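FYI, the numbering for the sequence shown is 727 to 1038, going by the numbering used here.
Glycine included, each C-beta is placed from N, C-alpha and C at the ideal position.
All values reported here derive from a predicted model rather than from experimental measurement.
The structure under discussion appears below in the form of structure tokens.
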Amino acid sequence: MAKQSLIAVVGSANVDLTTFNDVFPRPGETIFGKKFDLGFGGKGANQAVAARLCGANVGMVAKVGSDLFGPATIKNFESQGIDAKYVGIAEGASSGVAPIFVEPGGQNRIIVVKGANDLLSPEDVDAAAPLLRKADTIVMQFEIPLRTVYYTVRFAKANGIRCIVNPAPAQQVDFAEVGAAAYFIPNETEAEITTGMPVKSIDDAKKCAEFLLRKGMQRVVITLGERGSLVAGIGGMEHVPAFQVQAVDTTGAGDAFIGSFAVFLGEGIPEKEALRRANLYAALSTTKVGTQKSFCTRAEFEKEWQKRSASL
Ligand code: RIB
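Encoded structure:
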């Protein structure tokens, strides 16, 4: 039986309003969409749910609004067995929401309205210290204030806790503030925006990872969608190929990758296998519609892993 790790996520929670369509309206135009899906999302919450489904104990540190979505989001965490003691309701604020548009090939475009996520402060991190100090890994993204991310990285360093920073959505980042993170994990777009370098190929990704290492990152993983992922650090770089699937909705695949990778690492699985497994967990999430509801359980994952890893 693998070691059950404790993952703490300091991050966002949104409600996703997803429209599926072949075309998108021009300015001033109204068109009919094909399908709609309402579900729980937010990069932080998604990573927490992925980690929980993969078998970890998970605690969430977040802020939701005092609207219909806030209490429902807390209930969603609790119903999945995620510790929501440090998910606060911000009186008078709206919850984070994300209108999402998905194209026929599964590619998505997302607009995030941060709402209460923007009120998650370093004081909230201090209040959650009893949870955070026990964690094997603390996971963060950029849908909360950057000062809170930087504060949490410092907290993790001071307490000797591994942390993973997912710079999503991409923003100008102070590399000195996140250099203590064990892993810095952008996707191609985030890597481009963060570094100002194009990431159109695996070779581009290698150059970009070199740049991030020179900026002081310890280990860099660039997720490359259907091309898998690239890991870089002292000792070199390696491309970790993807698994082929029929994608219908890629929303949340990056979050599935990060949440599952944190769990596999926490269980002591060697990094390369943890990355391969996370590649598969993320790929499987793209075969179903929705964000959190497209994530599979550990048992479902292991069945698929047994089938697919034999050919590696
Ligand atoms: O990564 C996907 C997520 O991005 C969605 O759930 C949406 O809420 C935005 O945070």
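*So which of 915, 914, 920 has the shortest CA-CA distance to residue 904?*
920
*For the beta strand (DSSP E) that residue 759 lies in, which residues bound it at each end?*
Where residue 759 is concerned, there is no enclosing beta strand (DSSP E), given that its DSSP letter is neither H nor E.
_Would residue 769 and residue 907 qualify as a contact pair, given that the criterion is a beta-carbon distance under 8 Å?_
no
*Starting from residue 809, follow the beta strand (DSSP E) in both directions and report where the run begins and ends.*
809-816
*With respect to 7 Å, is the separation between the Cβ of residue 981 and the closest non-hydrogen atom of ligand 1 below this value?*
yes
*Is any heavy atom in ligand 1 found nearer than 7 Å to the beta carbon of residue 829?*
no
_Mapping the DSSP letters down to three states, classify residue 793 as helix, strand or coil._
Correct three-state label for residue 793: coil.
*Hey, could you find the ends of the beta strand (DSSP E) residue 743 is sitting in?*
Start and end: 740-746.
_Starting from residue 863, trace the beta strand (DSSP E) in both directions and tell me its first and last residue._
863-867
*What are the boundary residues of the alpha helix (DSSP H) that residue 921 is part of?*
914-921
*residue 960 versus residue 871 - alpha carbon distance*: 30 Å
*Run the proximity test for residue 955: is its beta-carbon closer than 7 Å to any non-hydrogen atom belonging to ligand 1?*
no
*What's the C-alpha gap between residue 914 and residue 956?*
10 Å
*Quick one: Cα of residue 777 to Cα of residue 1005, how far?*
14 Å
*Environment of residue 898 [buried if 16+ CB atoms lie within 10 Å]*: exposed
_Segment limits, alpha helix (DSSP H) that includes residue 752_ = No alpha helix (DSSP H) contains residue 752, which DSSP labels as neither H nor E.
*Excluding sequence positions up to five away, which residues of its chain have a Cβ less than 6 Å from the Cβ of residue 875?*
So the list reads 866, once near-sequence residues are dropped.
*Let me know the secondary structure DSSP gives residue 888 once reduced to three states.*
DSSP places residue 888 within a strand segment (E or B) once states are collapsed to three.
*asked:* Counting C-beta neighbours from all protein chains within 10 Å, is the total for residue 1033 16 or more, i.e. buried, or is it exposed?
replied: exposed
*In the DSSP assignment, find the unbroken alpha helix (DSSP H) run with residue 834 in it and report its ends.*
Run containing residue 834: none in the alpha helix (DSSP H); it sits in the beta strand (DSSP E), 834-836.
_Check whether the segment 753-767 and the segment 781-788 are in contact - that is, three or more C-beta pairs closer than 8 Å._
Under the 8 Å Cβ criterion, the segment 753-767 does not count as touching the segment 781-788, having fewer than three qualifying pairs.
*I think residue 746 touches residue 828, with their Cβ atoms under 8 Å apart; what is that distance to the nearest whole Å?*
5 Å
*Which same chain residues, not among the five before or five after residue 991, have their C-beta less than 6 Å away from its C-beta?*
1000
*Under the criterion of a Cβ to heavy atom distance below 7 Å, does residue 738 qualify as lining ligand 1?*
yes
*Is the segment 810-819 touching the segment 1011-1026, taking contact as three or more C-beta pairs under 8 Å?*
The segment 810-819 makes no contact with the segment 1011-1026: fewer than 3 CB pairs, one atom from each, lie closer than 8 Å.
*asked:* At a threshold of 7 Å, does residue 791 count as lining ligand 1 (C-beta to nearest heavy atom)?
replied: Answer for residue 791: no, Cβ out of range of ligand 1.
*Could you tell me which residues DSSP puts in a beta bridge with residue 949?*
913, 955
*Any chance the segment 961-980 sits against the segment 825-843, with 3 or more Cβ pairs inside 8 Å?*
yes
*For residue 861, verify whether its CB is less than 7 Å away from any heavy atom of ligand 1.*
Remark: the C-beta of residue 861 is outside contact range of ligand 1, defined as less than 7 Å to any heavy atom.
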